[in-house]
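Undergrad:
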Amino acid sequence: MEERIPVEVDIAWESFHEVINMSSEELGAWLRSGAQDEFPAGPGLTLPELGQQVIELLRKRKVDLTQRDADVMEQVVDFVLTQEAEGPAESATDEQWRSALMTVGHDPMRS
C-alpha cells in the first residue's frame, strides 16, 4: 500500500530541495570546519543546529518526513529566500553572508 504524503509536507519538500544546493556530505564538512562561526546567528536562530537538522533532512526519504521536518524545511526556505532577497547586512561582509547561507546548505555562489 502506498503511503500518502500530506500536501504541506510535499510542498515543503519541493521548496526545500529548490533552495538547498549542497549535499549532506558538503554541509557536514562545512559545519565541522567551523567556518560558519564567522557569522553571528540571528535572533532565535542557531544556525549550526539548523544546519545539523538540514543534514538529517537531506538523508531522509520524503515518505519518512514528519510535520516537524516540514516546519524545519519551511524555516530553512524562509531564511534562504530572505537572505537572498536582502543580501548582506550592513555589518556583514559578502563572505559572512555566504557563510551564513552555507550553514543551512545553500551556497549562493552556485546556481
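With the first letter of the sequence shown counted as 1, position 96 gets the number 323 in our numbering; the numbers rise by one all the way through.
The beta carbon of each residue, even a glycine, is placed where N, CA and C say it ideally should be.
All of these numbers come straight from a predicted model, not from anything done at the bench.
#1: Between residue 336 and residue 257, is the Cβ-Cβ spacing less than 8 Å?
#2: Please name the residue in 231, 233 and 243 whose C-alpha comes closest to that of residue 301.
#3: Residue 332 and residue 247: beta carbons closer than 8 Å?
#4: Go through its chain and collect everything with a Cβ distance to residue 239's Cβ below 6 Å, but skip five positions before and after it.
#5: What is the rounded straight-line gap between the Cα of residue 289 and the Cα of residue 322?
#6: Around the Cβ of residue 294, are there at least 16 other Cβ atoms within 10 angstroms (buried) or fewer (exposed)?
TA: Walking through what the data contain:
#1: no
#2: 243
#3: yes
#4: 297, 300 and 301
#5: 33 Å
#6: By the C-beta density criterion, residue 294 is exposed, having fewer than 16 other C-beta atoms within 10 angstroms.
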